[in-house]
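A.B. asks: In our numbering, the protein residues as written are 10 to 267.
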Ligand code: MG
Ligand code: MG
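#1: What first and last residue would you give for the beta strand (DSSP E) that runs through residue 124?
#2: Using 10 angstroms around the beta-carbon of residue 117, count the other beta-carbons present and answer buried if the total reaches 16, otherwise exposed.
#3: Please check the pair residue 89 and residue 111, which I expect to be a contact at CB under 8 Å, by giving their CB distance rounded to whole angstroms.
#4: For ligand 2, is there any heavy atom lying closer than 7 Å to the beta carbon of residue 124?
#5: In the DSSP assignment, find the alpha helix (DSSP H) that holds residue 33 and state where it starts and stops.
#6: Can you tell me the Cβ-Cβ gap for residue 251 and residue 113, rounded? I've got them flagged as a contact below 8 Å.
#7: Keeping to the same chain, check which residues put their C-beta closer than 6 Å to that of residue 210; ignore five residues upstream and five downstream.
#8: Measuring from the CB of residue 243, is there a heavy atom of ligand 1 at a distance below 7 Å?
#9: Within 8 Å, do at least three Cβ pairs link the stretch 234-247 to the stretch 193-212?
#10: Suppose you measure from the CA of residue 201 to the CA of residue 141; what does that come to, to the nearest Å?
#11: Select from 76, 130 and 219 the residue whose C-alpha is nearest the C-alpha of residue 37.
#12: What is the DSSP secondary structure of residue 77, counted as helix, strand or coil?
#13: Taking the alpha-carbon of residue 107 as reference, which of 133, 148, 27 and 207 has the nearest alpha-carbon?
#14: Using 8 Å as the Cβ pair cut-off and three pairs as the minimum, do the stretch 28-36 and the stretch 218-231 touch?
#15: Please say whether residue 120 and residue 170 have beta carbons closer to each other than 8 Å?
#16: Within its chain, find whatever has a CB closer than 6 Å to the CB of residue 214; leave out the 5 residues flanking it on each side and keep chain order.
#17: Under a three-way DSSP split, which group does residue 45 fall into?
#18: On the DSSP bridge list, what partners appear for residue 262?
#19: Quick check on this structure: which residue in 185, 222 and 189 has the alpha carbon closest to the alpha carbon of residue 24?
#20: Mind checking who residue 117 pairs with in its DSSP beta bridge?
#21: Using 7 Å as the cut-off, classify the Cβ of residue 80 as near or not near the heavy atoms of ligand 2, replying yes or no.
#22: Taking 8 Å as the limit between beta carbons, can you name the residues of its chain near residue 237, skipping five residues before and five after?
#23: Enumerated in chain order, which unbroken segments of the alpha helix (DSSP H) with a length of 4 residues or greater are wholly contained in the stretch 123-189?
#24: Between the C-alpha atoms of residue 149 and residue 48, what's the straight-line distance to the nearest angstrom?
#25: For residue 113, verify whether its CB is less than 7 Å away from any heavy atom of ligand 1.
#26: Please say whether residue 222 and residue 34 have beta carbons closer to each other than 8 Å?
#27: Can residue 218 be considered in contact with ligand 2, in the sense that its beta carbon sits closer than 7 Å to one or more heavy atoms?
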């Protein structure tokens with residue numbers, strides 16, 4: 010495993026990529042309402058990327074299944090509804106009151122990637138859905154808080170798992186957080202489960218995409234027939250929050266704020 014340490018100049022570029030990504034998610038979250046299609050949200054993201062002189066990190070991303078060489082990703086965002094966790098393809102499907110929508114977006118600016126995600130309510134949602142969103146966002150906040158020199162990768166993983174399971178939800182096993190920089194997916198892999206005091210010690214200049222993925226039911230997942238959309242096997246609701254974060258000499262820095 011080779012974790013790429015970024016210079017201050019490189020982190021400055023990641024901050025610009027990240028800020029664009031944060032602004033896009035902020036704008037999309039405001040646009041989410043019953044009746045809008047996820048394709049309209051994707052169009053907004055593409056327009057904002059172009060206006061910022063940036064490009065989508067997800068568009069044409071190769072399918073993780075090596076047999077599906079022609080199934081590269083067709084959009085700028087992932088739009089995953091209710092029991093869909095990640096990689097939902099934007100479509101003419103209209104959002105309904107009571108849905109929850111996970112939006113994941115990646116921005117490439119001057120060769121560097123910003124990667125972040127949010128899950129947002131569509132109109133009024135159930136109390137259970139609301140709590141799932143709150144617990145998942147809080148898992149991310151807690152994970153960021155431990156991104157400091159003196160801690161190890163396992164401390165991030167354990168922090169997420171302990172919080173989520175303590176709230177009666179489950180963490181997903183098949184997808185993880187990751188290093189991010191010139192490539193959207195760099196070493197290390199950062200599972201949302203693990204043990205404290207294990208793994209690589211954190212160092213200034215490490216940049217991570219932390220992304221708790223939480224299910225209200227069992228954590229088992231299926232990939233739908235479009236070869237992209239990942240959903241819970243039992244149809245339960247799930248949520249996903251993500252930020253790109255830099256380890257520094259002091260406070261962790263969130264690079265994907267608007
Ligand atoms: Mg992402
Ligand atoms: Mg990511």
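Backbone N, C-alpha and C define an ideal beta-carbon position, used for all residues, glycine too. In this text the structure is predicted, and so the values were computed from the model without any measurement.
C.D. replies: To lay it out plainly:
#1: One-based indexing of the chain shown puts residue 124 at position 115. Counting along the chain, the beta strand (DSSP E) containing residue 124 begins and ends at 121-130.
#2: As a working note, residue 117 is residue 108 in the chain shown. With 16 or more other CB atoms across the displayed protein chains lying within 10 angstroms of its CB, residue 117 is buried.
#3: Here the question's residue 89 lines up with position 80 in the chain shown. Here the question's residue 111 lines up with position 102 in the chain shown. A Cβ-Cβ distance of about 4 Å is found for the pair residue 89 and residue 111, placing them in contact under the 8 Å criterion.
#4: Along the chain shown, read from residue 1 onward, the residue named residue 124 stands at position 115. For ligand 2, at least one heavy atom lies less than 7 Å from the Cβ of residue 124.
#5: Taking the first residue of the chain shown as position 1, residue 33 is located at position 24. 17-40 is the extent of the alpha helix (DSSP H) around residue 33.
#6: On the chain shown, residue 251 is found 242 positions in, with the first residue counted as 1. On the chain shown, residue 113 is found 104 positions in, with the first residue counted as 1. Confirmed, about 7 Å.
#7: Position 201 of the chain shown, counted from the start, is the residue given in the question as residue 210. Answer for residue 210: 161, listed in chain order.
#8: In the chain shown, counting from the first residue as 1, residue 243 sits at position 234. Taking non-hydrogen atoms of ligand 1 into account, the C-beta of residue 243 is found less than 7 Å away from none of them.
#9: No: the two stretches stay apart, fewer than three of their Cβ pairs being nearer than 8 Å.
#10: Here residue 201 refers to the residue found at position 192 of the chain shown. Here residue 141 refers to the residue found at position 132 of the chain shown. Cα-Cα distance, rounded: 16 Å.
#11: Along the chain shown, one-based indexing puts residue 37 at 28. Answer by Cα proximity: 130.
#12: Along the chain shown, read from residue 1 onward, the residue named residue 77 stands at position 68. Note: residue 77 maps to coil in three-state DSSP.
#13: Residue 107 sits at position 98 when you count from the first residue of the chain shown. Of 133, 148, 27 and 207, the residue nearest in Cα terms is 133.
#14: Verdict: no, contact absent.
#15: Counting from 1 along the chain shown, the entry for residue 170 is found at position 161. Counting from 1 along the chain shown, the entry for residue 120 is found at position 111. Remark: C-beta atoms of residue 170 and residue 120 do not approach each other more closely than 8 Å.
#16: Mapped onto the chain shown, residue 214 falls at position 205. Counting only Cβ-Cβ distances below 6 Å, and skipping sequence neighbours, we find 14 and 15.
#17: Reading the chain shown from its first residue, position 36 is the one you call residue 45. Coil.
#18: Counting from one through the chain shown, the residue named residue 262 turns up at place 253. Per DSSP, the beta-bridge partners of residue 262 are 255.
#19: The residue given as residue 24 occupies position 15 in the chain shown. Considering only alpha carbons, the answer is 189.
#20: Against the chain shown, residue 117 aligns to sequence position 108. DSSP lists 64 and 122 as partners of residue 117.
#21: Counting from one through the chain shown, the residue named residue 80 turns up at place 71. No.
#22: Taking the first residue of the chain shown as 1, we reach residue 237 at position 228. Answer for residue 237: 72, 80, 82, 96, 97 and 98, listed in chain order.
#23: Correct list: 136-154 and 162-175.
#24: In the chain shown, residue 149 corresponds to position 140, counting from 1. In the chain shown, residue 48 corresponds to position 39, counting from 1. When rounded, the distance between both Cα atoms is 27 Å.
#25: What you label residue 113 is simply residue 104 of the chain shown in a count that begins at 1. Yes, the beta carbon of residue 113 sits closer than 7 Å to at least one heavy atom of ligand 1.
#26: Within the chain shown, numbered from 1, the residue matching residue 34 stands at position 25. Within the chain shown, numbered from 1, the residue matching residue 222 stands at position 213. The criterion of a C-beta distance shorter than 8 Å is not satisfied by residue 34 and residue 222.
#27: As a first step, residue 218 must be located in the chain shown, where it is residue number 209. Flag set: Cβ of residue 218 near ligand 2.
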